[in-house]
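Protein chains in written order, with the working numbering: chain A, 1260 to 1369; chain B, 244 to 362.
Everything on this sheet refers to the single structure shown next.
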Amino acid sequence: DIVLTQSPALAVSLGQRATISCRASQSVSTSSYNLMHWYQQKPGEQPKLLIYDASNLASGIPVRFSGSGSGTDFTLTINPVQADDIATYYCQQSRELPLTFGSGTKLEIK
Amino acid sequence: EVQLVETGGGLVQPGKSLKLTCATSGFTFSTAWMHWVRQSPEKRLEWIARIKDKSNNYATDYVESVKGRFTISRDDSKSSVYLQMNSLKEEDTATYYCTTDNNYYFDYWGQGVMVTVSS
C-alpha cells in the first residue's frame, strides 16, 4: 500500500502563508496526471474536496488555496490564511488501490 | 444539489452484523461509481470499498482489512448504496461516509453515520 506522510500540526498567523506537505512512499504520478488530492475537514463536519490531481481547484473553493507537486512530494498552500481555514487537511492518493489517506495536518492559529 | 444521507449506524456487539444505507439525490446515480470511507475515533480516514456502475458490471473492490466481511452493493432504482458489515470487530468502530467517485477521488460526501462495536 502507498503510505502518505503528513506533519501532525502547523501553526500560522492570520494573513500569512500556510504550507502543508504530503510525502508518498512511492510515486503517485503517471505520465499525464499527478494523482494526489486534498481535503479539508472542520470539526463535526465531513471532509470536503479542495484540490484534485495535485493542482486543480475544486468547484467553489477560494483561490487562496493552491496545490503543487509531483512524484512523491506534494504541497497544499493557503495564502493568506483566514480564521475560517482552521481545520484538518488530508491528502489522498489515487495512483493505486487501496486508495489511501495521509494522517492529516491540523492547522492552528499562532 | 447533490445529497448523500447515511443511515443504519449504532452500537453493535463484536461478531454481529449491521447494514448501512446511503440514499442519494441530485445526480445521475445509475452511472455513478460510489465508495464507502470510514474515519476512526483517532480521525484517521480509511477507504473501505468501491462499486462501479452497471456498464462496468457493478465491479467491487475492498481494502484488505474488510475483505470477506463487508459487502458493498447498490440499488439503482432507489439511488442507494449499501454496506453490509458482518463479523464486526472493535476496530471497525468509526464514522462511515459514503462518497461519490470522480476518477478515484471523492467529490461529494455524506454527513456520516457512527458505528460502535463494543460488548
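All residues carry an ideal CB built from backbone N, CA and C; glycine is no exception.
Just so we're clear, the structure is a prediction, and the values are computed from it rather than from any experiment.
#1: Let me see if you follow: with CB-CB separation under 8 Å, is Y1311(A) close to chain B or not?
#2: Taking Cβ positions, are G1330(A) and T1264(A) nearer each other than 8 Å?
#3: Please check the pair S1353(A) and L1294(A), which I expect to be a contact at CB under 8 Å, by giving their CB distance rounded to whole angstroms.
#4: Near A266(B), what residues of its chain come up, given a Cβ to Cβ distance below 6 Å and the 5 sequence neighbours on each side ignored?
#5: Determine the extent of the beta strand (DSSP E) in which E289(B) is found, giving its start and end residues.
#6: Please classify F272(B): does DSSP put it in a helix, a strand, or coil?
#7: Looking at C-alpha atoms only, which residue of L1335(A), T1364(A), Q1275(A), L1356(A) is the closest neighbour of V1287(A)?
#8: Would you report the Cα separation of C1350(A) and W1297(A), rounded to the nearest angstrom?
#9: Identify, in the order they occur along the chain, each residue of the same chain with its Cβ nearer than 7 Å to the Cβ of D1244(A), setting aside the five sequence neighbours on each side.
#10: Which partner residues of Y1311(A) appear in the DSSP bridge assignment?
#11: Rounding to the nearest angstrom, what Cα-Cα distance links Q327(B) and Q354(B) in this structure?
#12: Quick one: which chain B residues come within Cβ less than 8 Å of G1363(A)?
#13: Looking at the unbroken beta strand (DSSP E) that takes in A1277(A), where does it start and where does it end?
#14: How far does the beta strand (DSSP E) with S298(B) in it reach, from first residue to last?
#15: Can you tell me where the beta strand (DSSP E) with I1337(A) in it begins and where it stops?
#16: Report the residues of the stretch 333-345 of chain B with a CB closer than 8 Å to any CB of chain A, ordered along the chain.
#17: Is A337(B) helix, strand or coil by DSSP?
#18: Around the C-beta of G1328(A), are 16 or more other C-beta atoms found within 10 angstroms, so that it is buried, or is it exposed?
#19: Mind listing which residues of the stretch 1330-1357 of chain A have their C-beta closer than 8 Å to chain B's C-betas, in chain order?
#20: Using a Cβ distance threshold of 8 Å, determine whether the stretch 1335-1347 of chain A contacts the stretch 307-315 of chain B, with at least three qualifying pairs required.
According to the structure data:
#1: yes
#2: no
#3: 4 Å
#4: V248, S323
#5: 288-294
#6: helix
#7: L1356(A)
#8: 5 Å
#9: The shown model of chain A, from 1260 to 1369, leaves out residue 1244(A), and the question about it has no answer.
#10: N1315(A)
#11: 19 Å
#12: K286, R287, L288
#13: 1277-1283
#14: Segment: none, S298(B) is in no beta strand (DSSP E) and carries neither H nor E.
#15: 1332-1337
#16: Y340, N345
#17: strand
#18: buried
#19: T1347, Y1349, Q1351, S1353, L1356, P1357
#20: no
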